[in-house]
Amino acid sequence: MLEGILGFIVGASAASLLAWQLSVRWARRQRRKEQQLEKRTQRVEKLAELGVLTSGLAHEIRNPLSTIKMNLQLLAEDISRQQKEHKDPSPGISETLDDPEHLLQRYLRKIEIVTGEADRLGETLNDFLRYAGKLELHPARCDVNELVDDLIDFYTPQALNKGVQVRQSLSSGPLICKVDADVLKQAILNLLLNATQAMDGRGELIIRTESRPQQAKIDVIDTGPGIEPAEQEKIFEAYYTTKRGGTGLGLPTCRRIVEAHGGHIELVSEKGKGSNFTIYLPLAEE
850 MLEGILGFIV GASAASLLAW QLSVRWARRQ RRKEQQLEKR TQRVEKLAEL GVLTSGLAHE
910 IRNPLSTIKM NLQLLAEDIS RQQKEHKDPS PGISETLDDP EHLLQRYLRK IEIVTGEADR
970 LGETLNDFLR YAGKLELHPA RCDVNELVDD LIDFYTPQAL NKGVQVRQSL SSGPLICKVD
1030 ADVLKQAILN LLLNATQAMD GRGELIIRTE SRPQQAKIDV IDTGPGIEPA EQEKIFEAYY
1090 TTKRGGTGLG LPTCRRIVEA HGGHIELVSE KGKGSNFTIY LPLAEE
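For what it's worth, the numbering used here labels the leading residue of the sequence shown as 850, then goes sequentially.
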């Protein structure tokens, strides 16, 4: 009787152990499948984003290229026409066409347009590379207060030149975060530039830092016209812009930089009352 009971217990234990091993193996296989599915999903999302980026880049490049081509064609036609008139003068041709000063001004104007569009192409390409290229960070412990203070000193003359007053309110204690100072400065500077452009020659630019539990908070506030609710939902999308001549990659690049540092960025805006972009960064561990 006792041997039967012991045999039953041993058998049950062996069965339980086998069942546990099988369940562990099944769980591992499921986890591997989930990881593979997650990687595939990420690849699909990345390809989709790349498709949007390249489509937007093509659109942004096509317009200035058309302008360059048209002005070069007009310039060539002007020169060709003048050469023909000088070789075979015809009566009734306006004297202004043969006026060297007038011709020079027309040529210079077309060259200026072509140069401006070429610069625009360069800016578009640089913005694209900053956003779509590999973001290499070299993080180190840094006092965000000092970083923001240095940036304010650098940017204030530009803001004043645009008619914008700069005010700052930095937290009393240090805000130590592990960041790539140069890259983070790019993100904050982009917000300062956007805020100044939004105010169009008058207003106040307020930069504020604050310590939160486990977080450093950076506010960039402007007293501009604000952003429509419908636009707020699209403001961080690649190539979405409401500014004439803007590439629409500044704010998406800013968000990418902040998120690469383990933080996030938020927008609060009310039409007619300005906008507040807030960056949250994790504080460094002691």
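Every residue, glycine too, gets a C-beta built ideally from N, C-alpha and C. Bear in mind that the values here come from a model prediction, so they are computed numbers and not experimental data.
Residues of its chain near residue i, where Cβ-Cβ distance is below 8 Å and the 5 sequence neighbours each way are ignored
| i | result |
| --- | --- |
| Glu-1135 | none |
| Gln-932 | none |
| Arg-955 | Asp-927 |
| Gly-1050 | Lys-1011, Gly-1012, Val-1013 |
Residue i and residue j closer than 8 Å at C-beta
| i | j | result |
| --- | --- | --- |
| Asp-1071 | Ser-1018 | no |
| Asp-1029 | Pro-988 | yes |
| Ile-1084 | Leu-1132 | no |
| Ile-1056 | Ile-1114 | no |
| Ser-1118 | Gly-1075 | yes |
| Asp-992 | Leu-1024 | yes |
| Leu-821 | Val-1069 | Because the chain in this structure spans residues 850 to 1135, residue 821 falls outside the shown range and cannot be described. |
| Val-1013 | Met-1048 | yes |
| Val-963 | Leu-921 | yes |
Candidates the options: closest to residue i by CA position
| i | options | result |
| --- | --- | --- |
| Glu-995 | Lys-1034, Pro-1101, Ile-910 | Lys-1034 |
| Glu-1108 | Pro-1078, Ala-868, Leu-1024, Tyr-1129 | Tyr-1129 |
| Arg-1061 | Gln-870, Gln-1007, Lys-1120, Gly-1112 | Gly-1112 |
| Asn-912 | Leu-986, Gly-965, Arg-881 | Gly-965 |
| Phe-977 | Gln-879, Glu-909, Gln-870, Met-1048 | Glu-909 |
| Ser-915 | Gln-879, Ala-967, Pro-1006 | Ala-967 |
| Ala-1008 | Leu-986, Lys-1122, Asn-1043, Ile-960 | Asn-1043 |
| Arg-958 | Arg-930, Ile-917, Gly-971 | Ile-917 |
| Arg-990 | Ser-872, Gly-971, His-1110 | His-1110 |
| Gly-1052 | Gln-1081, Ala-1087, Lys-1011 | Lys-1011 |
| Gln-1063 | Lys-1027, Ala-1079, Pro-1078 | Lys-1027 |
| Gly-1073 | Gln-1081, Glu-1086, Gly-1121 | Gly-1121 |
Enclosing beta strand (DSSP E) for residue i [first to last residue]
| i | result |
| --- | --- |
| Gln-1064 | 1064–1071 |
Own chain, CB closer than 7 Å to residue i, minus 5 neighbours either side, in chain order
| i | result |
| --- | --- |
| Leu-1089 | Here the sequence assigns Tyr to residue 1089, which means Leu is not the residue at that position. Here the set comprises Lys-1083, Gly-1097. |
| Ala-1036 | Cys-1103, Ile-1106, Val-1107 |
| Lys-1066 | Thr-1058, Glu-1059, Thr-1127, Tyr-1129 |
| Thr-1005 | Val-1015 |
| Gly-1022 | Ser-1060 |
| Glu-944 | Only weak support is given to the placement of Glu-944: the predicted model assigns it a pLDDT of 49, under 50, and the value that follows is read from those uncertain coordinates. Nothing listed; no residue qualifies. |
The alpha helix (DSSP H) enclosing residue i, as first and last residue numbers
| i | result |
| --- | --- |
| Asp-998 | 993–1010 |
| Ile-1106 | 1099–1109 |
| Glu-1080 | 1078–1081 |
Strand pairing of residue i, partner residues [DSSP]
| i | result |
| --- | --- |
| Arg-1125 | With the sequence shown as reference, residue 1125 is identified as Asn, and Arg is not the correct amino acid for it. Asn-1125 is bridged to Ile-1070, Val-1117. |
| Glu-1053 | Gln-1014 |
| Val-1028 | Ala-989 |
| Thr-1058 | Ile-1067 |
| Leu-1132 | Cys-1026 |
Any non-hydrogen atom of the ligand FMN within 7 Å of residue i CB
| i | result |
| --- | --- |
| Val-1107 | Absent from the structure shown: the ligand FMN. Ligands present: none. |
Close Cβ partners of residue i (< 6 Å) along its chain, the five nearest in sequence each way excluded
| i | result |
| --- | --- |
| Arg-969 | Pro-913 |
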